[in-house]
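*Asks:* Under this note's numbering, think of the first position of the sequence shown as 246, with each following residue one higher. We put the CB at the ideal spot given by N, CA and C, even for glycine. All figures in this text were calculated on a predicted structure; none of them were measured in a lab. Got a structure for you, written out below as C-alpha cells; questions coming shortly.
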Amino acid sequence: MMKKIFWPIICSLLVWTPVALGQETPSDEQVSAAIDQLLQVGPDQIANSLKEMKSQVGEWDKQVVDLRGKADNLEAQAKEISERVESLRKLLEKFAKGAEVPKPQPEAVAMQGAAPMGKTEMASMSAEKQEPVISYVEHIRPIFQANCFSCHNRDKRRSGLSLESVSDALEGGSSGQVIVPGKPDQSRLFRLVAHLEEPKMPLSGDKLDEESIQKIRTWIKQGAPEDANSEIMVVEEETTQSMPVFIAADIKDGPPPMPEVDLGIPSVDQDRPNVARAIAVNPRSPLMAVGSLDQVLLYDLDKNILLGALPFPEGEVFSITFSLNGELLVAAGGKVGESGAAVIWNVRTGERAGEFHEGWDTILAVDISPDHKMLAMGDPLGVVKVFSTETKQLLYKCEEHTDWIHSVGFTPDGEVLATGDRSGGLFLWQAANGRKVENLRGHEGGVNDMAYTQDSTLLLTAGGDGKVFVWDTW
246 MMKKIFWPII
256 CSLLVWTPVA
266 LGQETPSDEQ
276 VSAAIDQLLQ
286 VGPDQIANSL
296 KEMKSQVGEW
306 DKQVVDLRGK
316 ADNLEAQAKE
326 ISERVESLRK
336 LLEKFAKGAE
346 VPKPQPEAVA
356 MQGAAPMGKT
366 EMASMSAEKQ
376 EPVISYVEHI
386 RPIFQANCFS
396 CHNRDKRRSG
406 LSLESVSDAL
416 EGGSSGQVIV
426 PGKPDQSRLF
436 RLVAHLEEPK
446 MPLSGDKLDE
456 ESIQKIRTWI
466 KQGAPEDANS
476 EIMVVEEETT
486 QSMPVFIAAD
496 IKDGPPPMPE
506 VDLGIPSVDQ
516 DRPNVARAIA
526 VNPRSPLMAV
536 GSLDQVLLYD
546 LDKNILLGAL
556 PFPEGEVFSI
566 TFSLNGELLV
576 AAGGKVGESG
586 AAVIWNVRTG
596 ERAGEFHEGW
606 DTILAVDISP
616 DHKMLAMGDP
626 LGVVKVFSTE
636 TKQLLYKCEE
646 HTDWIHSVGF
656 TPDGEVLATG
666 DRSGGLFLWQ
676 AANGRKVENL
686 RGHEGGVNDM
696 AYTQDSTLLL
706 TAGGDGKVFV
716 WDTW
C-alpha cells in the first residue's frame, strides 16, 4: 500500500525537480535505478523522514514570521526617523531665513506637549520701549558653553537635549519641550537652572550666578532670539479673572448639583478600551464622574445612565474630585513625560471655571479647598504645589516627600492639607501657609487614596500594602 502511494510522488520528484532547478532531465535508466533504491526504503523510515521535514518546515515558518516582524519594526523606526529629520530640516530652514523674513516663533516651536502661548504678537520694539536684546549668539551660548555643553551637545545629547544652537534648544529633549518662547516661568530650562525644579542644573556644579540666570530668563521672555538682528517677542500680560462660582462655595438649599445642560457625546474607541484611573461621586447628588483618556464621563446613579462627557484634551485623567458643596468638579492629569494640567468645571453648566497648566509631567493628585480658593496638585517629582484659584499664583510648595505624589486632600474645615506618596510617606500641613504639622508613619506601600470625616477629626488612608488606616488628626 505504501509503495502505491509513493510511486507517483517519487516519479514526479525525479522528473520535475531537475527541471525546476534548471538541470538536465535524468535518463530512463537513472530513473529506474533511483526507483529501485527508494523501494527498498521501509515505510517507517519514510514516515520518520516526512516527520522531520514537517518539523523543519515549521521552524522555517517561525523564522519567516519573526523576520517579518523585525522588518515591520525597522520600517516603522525608519519612518519615524525620516519624519524627525524632515521636521528638523524645516525648522533649520526657518531659522536660516530669519535674517530676511520675520520668524513665526509660535509655529517654529509648536511641538508635542507645548503649552498655549496666550495672546502674543511679533513686533519690532519702538526705540523708546525697546529693551536690550539678549541673544543666543552673544549672551546665552557662552553661558551654555561654560556650564552645559559637556552634557548637552549634539554628540552626547544627555536626556536627548542639545543646547549647541537655538534650533536644538527649541527642539527639546526626550522629556519634551524645554523652552516656551515668551514664557520663562513655564520653560523647564529656566526652572531647572533657577533651581525651581528638580533635577537642579548644572547637575554637577554650583548654581549659575544670578546675572546668568536673569539673562536666560530675559532671553526666553524675548522669544529666544538667535542674534541681535532677530525680532523679539512682545507678550501681553494675561488678565486673571475670578471664578464666578466662588460665591456659591457654601452649601445651600435647593436642587442638588446636577448637569442642567446637554453634555458632549463621549468619545468611545471600541478597539482600544480606556482605563478608568479615577472615580469620584458627588457628595450632594447622585452624580458620578469617571476619568478616562481625553474626557471625563458623567453618570446619573439614580437612573443608571450615562449623561455625557466633559472634554479633557490635555491628556489622560489620573485624579478627579468634587468640591465639598458638589458645585465644582476638578480633574487632573496630562501627558506622561510631557505636560500636566488641572481643570475645574461648573457642575450645573458644564463650563470650565478654571485651568492650570503646570509642570513638565502629568499631575497625579488634586483637590480643591472647601472655600474654592486653593487648589493642591501633586506630581511625579514628589512636590505638592498649592495655587490660588482666583489669581493662579503659586501660594506655597510642600517638598518633604521623596517619591511620586499619589493623593492629596483638604479637611472639610479647610484647616489642614494631607498628602501621600508612592513610598508610604504621609504628611499633614497647615493649609493656609504650607507649614508641616505632622509625619504619619504606618503604610509600607503607596498612599493611594484618602478621605476625611465631615467633622475633620479622622483621616482614612488606603495603601498599596493592602491596609486602610484611620488616623485621629484632631
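Return the chain-ordered list of same chain residues with a C-beta closer than 7 Å to the C-beta of G665, the five sequence neighbours on each side being excluded.
*Replies:* Within the sequence shown, residue 665 is the residue found at index 420, counting from 1. Around G665: H651, S652, L671, V692, M695, T706.
*Asks:* Would you list, in sequence order, the uninterrupted beta strand (DSSP E) runs of no fewer than 3 residues that lie entirely inside the segment 656-701?
*Replies:* Runs found: 661-666, 671-675, 681-684, 692-697.
*Asks:* Could you tell me how far apart the beta carbons of H646 and G659 are, in whole angstroms, since I believe they sit closer than 8 Å?
*Replies:* The sequence position of residue 646 within the sequence shown is 401, counting from 1. The sequence position of residue 659 within the sequence shown is 414, counting from 1. In fact, because the Cβ distance is near 22 Å, the residues do not count as touching under 8 Å.
*Asks:* Where does L406 sit, in a helix, a strand or coil, going by DSSP?
*Replies:* Taking the first residue of the sequence shown as 1, we reach residue 406 at position 161. DSSP places L406 in coil when its eight states are reduced to three.
*Asks:* Nearest to S449 by alpha carbon, out of H397, L574, K548, G711?
*Replies:* In the sequence shown, the residue the question calls residue 449 occupies position 204. That would be H397, whose Cα lies nearest to the Cα of S449.
*Asks:* Terminal residues of the continuous beta strand (DSSP E) containing L620?
*Replies:* Against the sequence shown, residue 620 aligns to sequence position 375. Here the beta strand (DSSP E) through L620 covers 619-623.
*Asks:* Taking A576 and V562 to be in contact with their CB atoms under 8 Å, please state how far apart those CB atoms are, rounded to whole angstroms.
*Replies:* Your numbering for residue 576 matches position 331 in the sequence shown. Your numbering for residue 562 matches position 317 in the sequence shown. So it is a contact: roughly 5 Å between Cβ atoms.
*Asks:* Could you check if T607 is buried or exposed, using at least 16 other CB atoms within 10 Å of its CB as the buried criterion?
*Replies:* The residue you call residue 607 lines up with position 362 of the sequence shown. Counting Cβ neighbours within 10 Å, T607 comes out buried, since at least 16 surround it.
*Asks:* Taking three-plus beta-carbon pairs below 8 Å as touching, is the segment 552-570 in contact with the segment 519-530?
*Replies:* In short, these stretches touch, since the Cβ pair count reaches three.
*Asks:* If you draw a straight line from the alpha carbon of R399 to that of K324, how long is it in whole angstroms?
*Replies:* Looking up residue 399 in the sequence shown gives position 154. Looking up residue 324 in the sequence shown gives position 79. The alpha-carbon atoms of R399 and K324 are separated by roughly 22 Å.
*Asks:* Could you check which residue in R680, G427, L441 has the C-alpha nearest to that of I379?
*Replies:* On the sequence shown, residue 379 is found 134 positions in, with the first residue counted as 1. The shortest Cα separation from I379 among R680, G427, L441 belongs to G427.
*Asks:* For D616, tell me which candidate among W605, S633, H602 has the shortest Cα-Cα distance.
*Replies:* On the sequence shown, position 371 is the one that residue 616 refers to. Nearest option by C-alpha distance: S633.
*Asks:* Between G417 and S404, is the Cβ-Cβ spacing less than 7 Å?
*Replies:* The sequence position of residue 417 within the sequence shown is 172, counting from 1. The sequence position of residue 404 within the sequence shown is 159, counting from 1. No. Outside cutoff.
*Asks:* For N591, does the three-state DSSP call read helix, strand or coil?
*Replies:* Mapped onto the sequence shown, residue 591 falls at position 346. In this structure, N591 counts as strand in the three-state DSSP scheme.
*Asks:* By how many angstroms is the C-alpha of P528 removed from the C-alpha of W716?
*Replies:* The residue you call residue 716 lines up with position 471 of the sequence shown. The residue you call residue 528 lines up with position 283 of the sequence shown. Answer to the nearest angstrom: the Cα atoms are 22 Å apart.
*Asks:* Cα separation between S369 and G579?
*Replies:* Sequence index remark: in the sequence shown, residue 369 carries index 124 (1-based). Sequence index remark: in the sequence shown, residue 579 carries index 334 (1-based). At S369, the pLDDT of 39 sits below 50, so the modelled position is not reliable; the number obtained from the coordinates is stated separately. Straight-line Cα distance between these residues: approximately 36 Å.
*Asks:* Would you mind sorting T656 into buried or exposed? The rule is 16 or more other CB atoms within 10 Å of its CB.
*Replies:* For the purposes of this step, residue 656 is taken as the residue at position 411 of the sequence shown. Buried, by the Cβ-count rule.
*Asks:* How would you write the range of the beta strand (DSSP E) that Q540 sits in, first residue to last?
*Replies:* Taking the first residue of the sequence shown as 1, we reach residue 540 at position 295. 532-545 is the extent of the beta strand (DSSP E) around Q540.
*Asks:* Look up A586 in the DSSP assignment and give the residues it is bridged to.
*Replies:* Within the sequence shown, the letter at position 341 stands for residue 586. Answer by DSSP bridge pairing, in chain order: G578, H602.
*Asks:* Verify whether the separation of the beta carbon atoms of L187 and A676 is less than 7 Å.
*Replies:* Residue 187 falls outside the range modelled here, since the chain spans only 246 to 719, and no answer is possible.
*Asks:* Counting C-beta neighbours from all protein chains within 10 Å, is the total for G595 16 or more, i.e. buried, or is it exposed?
*Replies:* The residue you call residue 595 lines up with position 350 of the sequence shown. Per the 10 Å Cβ criterion, buried.
*Asks:* In the DSSP assignment, the alpha helix (DSSP H) including E635 goes from what residue to what residue?
*Replies:* On the sequence shown, residue 635 is found 390 positions in, with the first residue counted as 1. Segment: none, E635 is in no alpha helix (DSSP H) and carries neither H nor E.
*Asks:* Near L620, what residues of its chain come up, given a Cβ to Cβ distance below 6 Å and the 5 sequence neighbours on each side ignored?
*Replies:* What you label residue 620 is simply residue 375 of the sequence shown in a count that begins at 1. The residues are I613, F632, T634.
*Asks:* Can you tell which of H602, W590, L569 has its C-alpha closest to the C-alpha of E583?
*Replies:* Here residue 583 is taken as the residue at index 338 of the sequence shown, counted from 1. With distances taken between Cα atoms, E583 lies closest to H602.
*Asks:* Considering Cα atoms alone, identify which of C643, E644, W649, M622 is closest to K637.
*Replies:* As a first step, residue 637 is located in the sequence shown; it is residue number 392 there, counting from the start. Ranking the options by Cα distance to K637, first place goes to M622.
*Asks:* Within 10 angstroms of its Cβ, does K630 collect 16 or more other Cβ (buried), or is it exposed?
*Replies:* Position 385 of the sequence shown, counted from the first residue, corresponds to residue 630. Buried, since its Cβ has 16 or more Cβ neighbours within 10 Å.
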